[in-house]
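Input: a single structure, listed below in structure tokens.
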Amino acid sequence: MSSPVGSFARGTPVRDALDGAVTAIAAAGCETPRLDAELLLAHALGVSRERLFIDGDLAVAGPAVRTFQDFVRRRSVLREPVAYIVGRRHFRGLELAVDRRALIPRPETELLVEVALALPKGSRVLDVGTGSGAVALALKDERTDLHVTGSDLNADALELARSNGERLGLDVRWLSANLLDGVTGEFDAIVSNPPYVADTGRASLAPEIVRHEPTSALFAGADGLDTIRTLVAQAGARAFARLLALEVGAGQAPAVGELMRAAGFPAVRAERDLAGIGRVVVGER
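In terms of this note's numbering, the sequence shown is residues 770 to 1054.
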């Protein structure tokens, strides 16, 4: 198979390399072909994305030619997410290492962080299903007074989170646990971005997601609420937890709110994301 960006001559101008990549990525149906191409080329050249446009002498040459061609093939043919190809993702000012061990942090999950940032000083916070550690690490970075713990059942994801914490120098405690089973200690707040996609929703997801991101972190039964039901019930049984905040899918907020009320969280609200979707359901008592 020939490269989707064609054959670059040595010293191919950045503009020409980008144009070829954009064409290939767009033809594959990717939503942001120009941005994807720029991020991949910058990574292949080992420079910032900004330098692609301010350095007139920059060209794609030598080993970078094959590297960039491979990146574009992975993006366009395999539909691999850009974050997995470059191995990092920015989240609330933090640069996190990401790979197939965990979901890629998304902008809507920042709302979960914002809810927890309003906690009283010194609060003890548990991030259930921490994945790459994005939520737990962002909380510790922005509120150093919080006592933050991240937990996950997936040992590989927990290893990724721990390595992110060590590299960033953020003091987060990491636990291996199945939701709240195996969690010791008391926490004032429990936050989580749990699996919430219905099993029947697979066809509606982009190829990037279903082909490459961990399915165990995505799907949760016929209505997408299996994991949330268990977690809400567990949180309700722990009297010390005064706040429970969960990221949910579009249209799930009312049902999750009812689950929280039944579990003993009488004050429930849904925080909307920038698209107007009730994205984070918060229960307090």
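The C-beta atom is built at its ideal place from N, Cα and C for all residues, glycine as well.
Item                                                                                                                                                                      : Value
Pull up the distance between the alpha-carbon of I997 and that of L987, whole angstroms please.                                                                           : 12 Å
Identify whether G951 lies in helix, strand or coil by the three-state DSSP scheme.                                                                                       : coil
With distance defined between alpha-carbon atoms, name the residue in L944, D914 and T899 nearest to P963.                                                                : T899
What are the complete beta strand (DSSP E) segments, minimum 3 residues, inside the region 897 to 938?                                                                    : 916 to 921
If we count the other Cβ atoms within 10 Å of its Cβ and call it buried at 16 or more, is A1008 buried or exposed?                                                        : exposed
Assuming the contact rule is C-beta atoms closer than 8 Å, A1032 and L994 should be a hit. Round their C-beta distance to whole Å, please.                                : Between L994 and A1032 the Cβ distance is about 13 Å, and since that is not below 8 Å, they are no contact.
If I'm right that F840 touches I854 with Cβ under 8 Å, what's the distance once you round it to whole angstroms?                                                          : 6 Å
Drop a sphere of 10 angstroms on the beta-carbon of V846, count the other beta-carbons inside from all chains shown, and report buried for 16 or more, exposed for fewer. : exposed
Using the C-alpha atoms, what's the distance from E977 back to R870?                                                                                                      : 15 Å
Have a look at V834, T913 and R848 and flag the residue whose alpha-carbon is nearest the alpha-carbon of T801.                                                           : R848
G780: which of A833, L808, L804 and G815 sits nearest, CA to CA?                                                                                                          : A833
From A924 to E935, what distance separates their C-alpha atoms?                                                                                                           : 16 Å
Counting only beta-carbon separations shorter than 8 Å, does L939 have a partner in chain D?                                                                              : Judged by its chain identifiers, the structure shown contains no chain D, having just a single protein chain.
Excluding five sequence neighbours on each side, which residues of the same chain lie with their C-beta closer than 6 Å to the C-beta of S932?                            : none
Around the C-beta of G1047, are 16 or more other C-beta atoms found within 10 angstroms, so that it is buried, or is it exposed?                                          : buried
Could you give the distance in angstroms between the alpha-carbon of L908 and the alpha-carbon of V1051?                                                                  : 17 Å
Among L821, A830 and S892, which residue has its Cα nearest to the Cα of G1011?                                                                                           : One detail in the question is off: residue 1011 reads as Arg in this sequence, not Gly. Out of L821, A830 and S892, S892 has the C-alpha closest to the C-alpha of R1011.
To the nearest angstrom, how far is the alpha carbon of L865 from that of T878?                                                                                           : 14 Å
List, from N- to C-terminal side, the alpha helix (DSSP H) runs of 4 residues or more that fit wholly inside the region 981 to 1022.                                      : 995 to 1005
Quick test of the definition: if touching needs 3 or more C-beta pairs under 8 Å, does the region 791 to 800 touch the region 813 to 820?                                 : no
Mind reading off the beta-carbon distance from L895 to V952? Whole number of angstroms is fine, and I expect it under 8 Å.                                                : 7 Å
Report buried or exposed for D921, applying the criterion of at least 16 other Cβ atoms within 10 angstroms of its Cβ.                                                    : buried
With I959 and A926 assumed to form a contact (beta carbons below 8 Å), what rounded beta-carbon distance in angstroms separates them?                                     : About 18 Å separates the two Cβ atoms, so there is no contact after all.
Measuring straight from C-alpha to C-alpha, what distance separates P1035 and L1013?                                                                                      : 11 Å
Once DSSP output is grouped into helix, strand and coil, what is the label at F840?                                                                                       : helix
Helix, strand or coil for I873 per DSSP?                                                                                                                                  : coil
Given V791, which residues of its chain have a CB within under 6 Å of its CB, disregarding the five upstream and five downstream residues?                                : P802, R803 and A806
Within its chain, find whatever has a CB closer than 6 Å to the CB of G1026; leave out the 5 residues flanking it on each side and keep chain order.                      : V1037 and V1050
Tell me which same chain residues have a C-beta within less than 7 Å of the C-beta of V904, skipping the five on either side of it?                                       : T878, L881, V882, D896, V960 and N962
On the three-state DSSP scale, how would you describe A833?                                                                                                               : helix
Going by other Cβ atoms of all chains shown within 10 Å of its Cβ, with 16 needed for buried, is I823 buried or exposed?                                                  : exposed
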